[in-house]
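Here's the structure we're looking at; comments come further down.
Residue numbers (the numbering used here), protein chains in the order written: chain A, 4 to 456; chain B, 4 to 456.
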């Protein structure tokens, strides 16, 4: 229950790096567990990470690397000698070692694999063979399994005998004689029921599982609703291949949530606060250039109405209200829809009803916001026609916003694309272009009534 | 391993509701487990939810209610008779029953508590006494615990004897003679090591725990890094009071991620795709009104420069590019910062460095985007001064965006407020107001060179 002060450690290490006291640095790091070392590396100045990492004892370096943030790992493994990588990887379980091999080029990864213990190498090759976003890619080998024919006592002895081969014991699965998944054995039954009880009598057959080639997000969403801590992974023949542990399931849930939030905001999914300046710039700038195209498109729409604006300059101020509010309403609808798709809450059963609901919300919000801004503009500018134009434009644009906010992610999902990716920019492009067009178009139609305000 | 087709069930139930075939509906629902019933209610038409819910067998209704989405629960419990609520709650564990009592008014909740088994009522009162966002509020009583003095065999017998009182066995905690938390006993040790082994020899003392009055998000973030499935909850004297199970920990991680994403987009944290039209409207409209105030503020800034715009109407088109790109860059910085604060990745150790990094990114992105748009405008409008004005305004606004995107959430956190809440609207207000002011202000200064384009 003792807690370490991470601040003191971080500062001490920074001092030692500055002084070039390599020997002392090594001494200090030697006493720390891998979790602390990973946290230390993440919070250290990016320029000192290599020095700190090379002062970590070889047997701890692998475990530490397996725990650090992805972009920090990328920095650490740049130009790493193959020898050192082999040493780091050889002490790790295949599922822990995988991220390290994913970070280096295929040639280096291959060189490392050829020098590993053949069994580890073959398991790693199997993992690397699965699709990047698949459940198989993140599974751990050595899922604890017993057979239906055993008693609980036999099951316990079987598990004890196999203890060395086992991955973490978070769930015990039940298989048949050729290794096909049949169900699971609740741990409390195994611990608390008499040893003579048959496995078949206390096992649960309603087991949540994943296929090796299935999308990991889908599998994790299902696991969320199950009572299992770790879920079994089976191949197409039903054979138990491994398990996805609860740490991984938590990680996926967290990553997927970050991912959607990041994609909506135009941030790369692997950026974090630990990412170096250069990497961050490379990740953010392309998105800003994409946005620039849409901003220029919106500006072009406005420029079509320059003749109108010259006559009534007040339109230049009011147009941003229509476009901006449309954007806000669109992003609300988009966020609720993206999150519902991610959680599996929106499917064919409620999609039509949700479409009408969002459409209704667009109209209702448009009326409510349009009335207020219409009145305000009437009072501010002393022209009821101007109030009417902004009311009508707001109603139309909020309706367009609702349609875009709902339809863009649903269409992306139907096309088997990520519903969050770039959908924010699509939606705000619609609301900007429509907002400016509706407002300035209506103003041009009613121009005779708007002059001189 | 059998899977049900949820589509067929949903349609069958919808048909029976339409036909008013209550008896048949009851028959169909009787065969379903609570998870399926919860999913069914969520996906049903909101107007038919009450009919379906009242056709669920009383002993299943409570379990089902404990599983449904918060806004659906709100609908179901509206005007529910106290008798029925007592029946639903009485079969649930206190931590499962809590959301039901939170949804009804204090008077009804009190009436229910007075009719429950006194022990359950007192546990529920304890939970309700903790702060809404605290770890204590979501803990389950009956955390499995053994003492240091036991052998593994004794520990197992102790757990077996207490099996009825125990909450789920996801972790076994070790306490001293007066119930203070000392560590935990890894389940694989308990299962796989010889019965004569002393608990003290295999227990782990580096246990992650939560205080009853601690913020649940903080506790969950710590649990994330630990090896425990469920974490123990202790009071200020160190006494073990209960545990937070892994289902709850997953739920918190998911909720907190949704929450930040929702808050950034101006969506209420408890809105979902299942929320009824009326509730959604009530939740979204206030946010749009808040945004309207900031939109009017931005429009007012523009109106200060109407004299300039009258002379050069092209400014009305170009101003949106400066404000829009500032908003995009600000939201990028904001999203990375909010996520880092939520994950505990940003603290005093790297906040100054991160501030300078974001500032640098603002300047670098401003230069990169400003140069491109400056050149483009020069070519488009044939006026180098106009290109220069938009370049300078873009550089200034992207820098302001970076400062706002980083500072707003950090300041909110320093004030002990939610870093995500409303921060999107603060940041885009800054980038709109600054963007329009920088661009139109500079244009006014250089007006003689811009005329006639």
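A virtual CB, placed ideally from N, CA and C, is assigned to each residue, including glycine.
| field | Contact residues within the segment 354-373 of chain B, judged by C-beta distance below 7 Å to chain A | value | Legend: CB atoms of the segment 354-373 of chain B lying less than 7 Å from CB atoms of chain A belong to residues 356, 357, 360, 363, 364, 367, 368, 371 and 372.
| message | Quick check: the Cα distance between residue 73/B and residue 269/B, rounded to an integer number of angstroms? | response | Translated into the one-based positions of the second chain, residue 73/B becomes position 70. Translated into the one-based positions of the second chain, residue 269/B becomes position 266. Cα-Cα distance, rounded: 19 Å.
| query | Between the Cα of residue 387/B and the Cα atoms of 453/B, 20/B, 196/B and 289/B, which residue gives the shortest distance? | reply | Indexing the second chain from 1 puts residue 387/B at position 384. Closest in C-alpha terms to residue 387/B, from the list 453/B, 20/B, 196/B and 289/B, comes 453/B.
| request: Please check if any C-beta of chain A sits within less than 8 Å of the C-beta of residue 187/B. | output: Against the second chain, residue 187/B aligns to sequence position 184. Not closer than 8 Å to any Cβ of chain A, the Cβ of residue 187/B fails to qualify, so no.
| request: Determine the direct distance from the alpha carbon of residue 224/B to that of residue 346/B, and round the result to whole angstroms. | output: Along the second chain, one-based indexing puts residue 346/B at 343. Along the second chain, one-based indexing puts residue 224/B at 221. Distance between the alpha carbons of residue 346/B and residue 224/B: 7 Å.
| Taking the continuous alpha helix (DSSP H) assigned at residue 175/A, which residues delimit it? | For the purposes of this step, residue 175/A is taken as residue 172 along the first chain, with counting starting at 1. Counting along the chain, residue 175/A falls outside any alpha helix (DSSP H), though it belongs to the beta strand (DSSP E) covering 175-178.
| Does any CB atom of chain B fall closer than 8 Å to the CB of residue 150/A? | To locate residue 150/A, count along the first chain from 1; it is residue 147. It does not; no Cβ of chain B falls within 8 Å.
| request: Specify whether the segment 334-348 of chain B and the segment 422-433 of chain B touch according to this definition: at least 3 beta carbon pairs, one from each stretch, less than 8 Å apart. | output: Yes: at least three Cβ pairs fall under 8 Å.
| task | Express the C-alpha separation of residue 316/B and residue 439/B in angstroms, rounding to a whole number. | result | As a first step, residue 439/B must be located in the second chain, where it is residue number 436. As a first step, residue 316/B must be located in the second chain, where it is residue number 313. When only Cα atoms are considered, residue 439/B and residue 316/B end up about 14 Å apart.
| residue 95/A versus residue 111/A - alpha carbon distance | Numbered from its first residue, the first chain carries residue 95/A at position 92. Numbered from its first residue, the first chain carries residue 111/A at position 108. Distance between the alpha carbons of residue 95/A and residue 111/A: 17 Å.
| query | Under 8 Å Cβ-Cβ, which residues of chain B neighbour residue 386/A? | reply | Indexing the first chain from 1 puts residue 386/A at position 383. Within 8 Å Cβ-Cβ: nothing; residue 386/A doesn't reach chain B, min ~14 Å.
| Which residues share a DSSP beta bridge with residue 213/A? | Along the first chain, one-based indexing puts residue 213/A at 210. Note: residue 213/A sits in a beta bridge opposite 236/A.
| field | Below-8 Å beta-carbon distance, residue 253/B vs any chain A residue | value | The sequence position of residue 253/B within the second chain is 250, counting from 1. Yes - at least one Cβ of chain A is within 8 Å of the one on residue 253/B.
| task | Would you tell me roughly how many angstroms separate the C-alpha atoms of residue 132/A and residue 140/A, rounded to the nearest one? | result | For the purposes of this step, residue 132/A is identified with residue 129 of the first chain, where counting begins at 1. For the purposes of this step, residue 140/A is identified with residue 137 of the first chain, where counting begins at 1. Residue 140/A has its alpha-carbon roughly 8 Å from the corresponding atom of residue 132/A.
| Buried or exposed: residue 266/A, going by 16 or more other Cβ atoms within 10 Å of its Cβ? | Translated into positions along the first chain, residue 266/A becomes position 263. Burial call: buried.
| field | Helix, strand or coil at residue 417/A according to DSSP, with G and I counted as helix | value | On the first chain, residue 417/A is found 414 positions in, with the first residue counted as 1. Note: residue 417/A maps to helix in three-state DSSP.
| said: Considering just the uninterrupted stretch of the alpha helix (DSSP H) at residue 444/B, what are its terminal residues? | reply: For this step, residue 444/B is matched to residue 441 along the second chain. Counting along the chain, the alpha helix (DSSP H) containing residue 444/B begins and ends at 426-448.
| request: Taking only the alpha-carbon atoms, compute the straight-line gap between residue 309/B and residue 310/A and give it to the nearest angstrom. | output: Taking the first residue of the second chain as 1, we reach residue 309/B at position 306. Taking the first residue of the first chain as 1, we reach residue 310/A at position 307. In this structure, the straight-line span from the alpha carbon of residue 309/B to that of residue 310/A is close to 15 Å.
| said: By the 8 Å beta-carbon criterion, what residues does the segment 323-335 of chain A contribute toward chain B? | reply: Of all residues in the segment 323-335 of chain A, only 323, 324, 326, 327, 328, 331, 332, 334 and 335 come within less than 8 Å of chain B when Cβ atoms are compared, listed by chain position.
| What number of angstroms, rounded off, separates the C-alpha of residue 298/B from the C-alpha of residue 372/A? | Walking along the second chain from the start, residue 298/B turns up at place 295. Walking along the first chain from the start, residue 372/A turns up at place 369. If you take the alpha carbons of residue 298/B and residue 372/A, they lie about 12 Å apart.
| field | Rounded distance between the beta-carbons of residue 97/B and residue 144/B, thought under 8 Å | value | Looking up residue 144/B in the second chain gives position 141. Looking up residue 97/B in the second chain gives position 94. Cβ atoms of residue 144/B and residue 97/B come within 8 Å of each other, at about 6 Å.
| said: With a threshold of 8 Å between beta-carbons, can residue 153/A be considered close to chain B, or not? | reply: Translated into positions along the first chain, residue 153/A becomes position 150. Cβ-Cβ to chain B under 8 Å: no for residue 153/A.
| query | Beta-carbon separation of residue 13/A and residue 41/A under 8 Å? | reply | Here the question's residue 13/A lines up with position 10 in the first chain. Here the question's residue 41/A lines up with position 38 in the first chain. It is not a contact, given that the beta carbons lie outside the stated cut-off.
| request: For residue 443/A, count neighbouring Cβ atoms within 10 angstroms of its own Cβ and tell me buried if that reaches 16, exposed if not. | output: Counting from one through the first chain, the residue named residue 443/A turns up at place 440. With 16 or more other Cβ atoms from the protein chains shown falling within 10 Å of its own Cβ, residue 443/A counts as buried.
| In chain B, which residues lie with their C-beta within 8 Å of the C-beta of residue 191/A? | Along the first chain, read from residue 1 onward, the residue named residue 191/A stands at position 188. Correct list: 166, 169, 171 and 172.
| query | Between which two residues does the alpha helix (DSSP H) carrying residue 334/B extend? | reply | On the second chain, position 331 is the one that residue 334/B refers to. Its alpha helix (DSSP H) spans residues 317-346.
| What is the residue span of the alpha helix (DSSP H) that residue 52/A lies within? | Reading the first chain from its first residue, position 49 is the one you call residue 52/A. Counting along the chain, residue 52/A sits inside the alpha helix (DSSP H) bounded by residues 52-57.
| said: Output needed in chain order: residues of the segment 260-281 of chain A with a Cβ under 9 Å from some Cβ in chain B. | reply: Of all residues in the segment 260-281 of chain A, only 260, 261, 263, 264, 265, 267, 268, 269, 270, 274, 275, 276, 277, 278, 279 and 280 place a beta-carbon less than 9 Å from a beta-carbon of chain B.
| message | If we define contact as Cβ-Cβ less than 8 Å, is residue 118/B a contact residue for chain A? | response | As a working mapping, residue 118/B is identified with position 115 in the second chain. Not one chain A Cβ lies under 8 Å of residue 118/B.
| message | So with CB distances below 9 Å, who are the chain B contacts of residue 376/A? | response | For the purposes of this step, residue 376/A is identified with residue 373 of the first chain, where counting begins at 1. Listed along the chain, the chain B residues whose CB falls inside 9 Å of the CB of residue 376/A are 295, 298 and 299.
| request: Can you give me the Cβ contacts of residue 449/B inside the same chain, cut-off strictly under 7 Å, excluding the 5 residues immediately before and after it? | output: Here the question's residue 449/B lines up with position 446 in the second chain. 388 and 392, listed in sequence order.
| request: Would you list, in chain order, the members of the segment 16-49 of chain A that have their beta-carbon closer than 8 Å to a beta-carbon of chain B? | output: Result list: 38, 45, 46 and 48.
| message | Just checking: is the beta-carbon of residue 4/B within a distance shorter than 8 Å of some beta-carbon in chain A? | response | The residue you call residue 4/B lines up with position 1 of the second chain. Any reading at residue 4/B needs caution, since the residue's pLDDT is 34, under 50, leaving its predicted position unreliable; the model's value is listed next. So, interface residue.
| field | Contact with chain A by residue 454/B, beta-carbon distance below 8 Å | value | Within the second chain, the letter at position 451 stands for residue 454/B. At a cut-off of 8 Å between beta carbons, residue 454/B makes no contact with chain A.
| Under the three-state DSSP convention, the category residue 23/B falls into | Sequence index remark: in the second chain, residue 23/B carries index 20 (1-based). Of the three classes helix, strand and coil, the one that applies to residue 23/B here is coil, per DSSP.
| said: Assess contact between the segment 395-413 of chain A and the segment 287-295 of chain A, defined as three or more Cβ pairs (one per stretch) separated by less than 8 Å. Is contact present? | reply: In this structure the segment 395-413 of chain A does not lie against the segment 287-295 of chain A, because fewer than three pairs of beta carbons, one per stretch, are closer than 8 Å.
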